[in-house]
Structures are given as C-alpha cells and as structure tokens.
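Chemist: 597 is the number of the first residue of the sequence shown in our numbering; add one for each residue after it. Quick one: the structure is below, and I'll ask about it shortly.
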Amino acid sequence: MKVIGVVGMPASGKGEFSQIAREMGVPVVVMGDVIRKHVEEAGLSPTDRHLGEMSKHLRKAIGMDAIARVTIPIIENQSSGIVVVDGIRGDYEVETFRRHFPEFILIGIESSFENRLKRLAARGRSDDTLSRDELRERDRRELGWGLGRALAQADCTLHNDGSLEAFRIHVRDLLFRLVRGGV
C-alpha cells in the first residue's frame, strides 16, 4: 500500500490537499479526527486547548508516535492501494509510518504565518485559533512535537502562498504523478 503523508503548520493547506485527494478518489485518513474522537469520548468540547491536551496525553501515555500508531489500523482498513494521511505532527510519526509502510511518501506544505492566520479566521473550526498569539502558541506546541523536523524530512514540498487555484493545480499534478507511481 502506498501511503502519502501530509505535514505542515496549522492552516498551511493540509485540508485542501486532502480535499483534492478525495475529489480524485483517493481515501483520506485525518489524524486530527483520531484526536477529536478521543476528546469526544472524554466528554470534552473540541477546542484547540482540549485537542492539544489530548494529543499531549496520548503522546505521554503511548509515545511520541502515538497518533501514528493509533492511525495505522485505520489506514490498513482502507480498500485502496493508495491512501493520504493528513495531519502528521512530528518526526516520530514519520519514522513509524516509514517503518510500517515501505511505500510511504511525505509531502510538506509551507505557507507564511500571515496567510495561515487569515485562513484560520476564515475557516471557523472549533479548534481554530484566531489571534496572532494563539497561533504562535499553537505553532510552538506543534513544533515541540517535532513538526519542524518532520517538515525537513519531506520528500516533496509544496508552497501555498499564492492563489487557491494555483495551489489546487499543483496538488492535483503531484497526486496524479504519485497515483501513477512517481514523485
């Protein structure tokens, strides 16, 4: 099974990448959904604070690759030969996926702080941070999990500071090549 991992800072474009993959018929497993499910099961609201605390709790209880390990069975249950995994947050997760899936490919998505802040304000998810300080804090938390080191390991990097349509074209192009067997 070919697994395409997507890594990037909050609001960099991971969700858009995943949406395009779905449009192309590629199944997507969202690592954040695993966290949201644990938060819901704990009876908490899906705020950024609760999601961050649950992520921290799982990593402390299971290991820094906890979310990857919990996600692997979900990936393996997909009936497709190719799956996108959205929301990798650290280098330990990358190591686990590379060990478990020999055909693992990591795509990094980069975008400026200002563009990410604008996207968060427009997106309106319950876990979205809206102030500069909140986004800086979220960035610090996720970088602490190894997100920067994971981004540095990307097999391919997409830049998402132009138009949405330009980004969508680049993503479709890349996914088409990956589905056909190249990078």
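Glycine is no exception: its CB is placed at the ideal position from the N, C-alpha and C atoms.
For Asn673, is the classification buried or exposed, using 16 other Cβ atoms within 10 angstroms of its Cβ as the cut-off for buried?
Modeler: It is exposed - the Cβ of Asn673 has fewer than 16 other Cβ atoms within 10 Å.
Chemist: Can you tell which of Ala657, Arg632, Ile658 has the C-alpha that lies nearest to the C-alpha of His646?
Modeler: Of the listed residues, the one whose Cα sits closest to His646 is Arg632.
Chemist: Is the region 712 to 719 close to the region 665 to 685, with three or more CB pairs under 8 Å?
Modeler: Segments in contact, no.
Chemist: Output the distance between the C-alpha atoms of Asp769 and Leu747, rounded to the nearest integer angstrom.
Modeler: Asp769 and Leu747: Cα-Cα distance of roughly 20 Å.
Chemist: Measure from the alpha carbon of Ile663 to the alpha carbon of each residue in Val625, Leu702, Gly677, Gly758, then state which is nearest.
Modeler: Measuring from the Cα of Ile663, the nearest candidate turns out to be Val625.
Chemist: Count the other CB atoms, across all protein chains shown, that sit within 10 Å of the CB of Glu619; report buried if there are 16 or more and exposed otherwise.
Modeler: Its Cβ having fewer than 16 others within 10 Å, Glu619 is exposed.
Chemist: Taking the beta strand (DSSP E) that Asp682 belongs to, which residues open and close that run?
Modeler: Taken as a continuous stretch (DSSP letters only), the beta strand (DSSP E) holding Asp682 covers 678 to 684.
Chemist: Cβ of Gly601 within 8 Å of Cβ of Val666?
Modeler: It is not a contact, given that the beta carbons lie outside the stated cut-off.
Chemist: Considering only the beta carbon of each residue, do Phe697 and Met627 sit closer than 8 Å?
Modeler: No, the Cβ-Cβ distance between Phe697 and Met627 is not below 8 Å.
Chemist: Just to confirm before moving on: does the CB-CB distance between Thr643 and Gly704 stay below 8 Å?
Modeler: Going by C-beta atoms, Thr643 is not nearer than 8 Å to Gly704.
Chemist: Counting only runs that start and end within the region 648 to 680, where is the alpha helix (DSSP H) found for 4 or more residues in a row?
Modeler: List check, alpha helix (DSSP H) in window: 662 to 672.
Chemist: Please list, in chain order, all residues of the same chain as Ala607 whose beta carbon is under 6 Å from its beta carbon, the five residues on each side excluded.
Modeler: Closer than 6 Å at the Cβ level, and outside the excluded window around Ala607, lie Arg712, Arg715, Leu716.
Chemist: Ignore the nearest five residues each way along the sequence and tell me which others in His766's own chain have a CB closer than 6 Å to its CB.
Modeler: Only Leu754 meet the Cβ criterion.
Chemist: Can you list, in chain order, the residues of its chain with a C-beta nearer than 8 Å to that of Gly648? Leave out the 5 residues immediately preceding and following it.
Modeler: Result list for Gly648: Arg734, Arg737, in chain order.
Chemist: What separation, rounded to the nearest whole angstrom, lies between the Cα atoms of Asp729 and Ser708?
Modeler: Spanning the two alpha carbons is a distance of roughly 15 Å.
Chemist: Run through the DSSP bridge pairs and tell me what Thr753 is partnered with.
Modeler: In the DSSP output, where bridge partners are listed per residue, Thr753 has Gly704.
Chemist: Just the C-alpha distance for Asp726 and Thr692, rounded to the nearest angstrom, thanks.
Modeler: Note on residue identity: the sequence assigns Leu, not Asp, to residue 726. Cα to Cα, Leu726 sits roughly 32 Å from Thr692.
Chemist: Between which two residues does the beta strand (DSSP E) carrying Val602 extend?
Modeler: Element bounds for Val602: 598 to 604.
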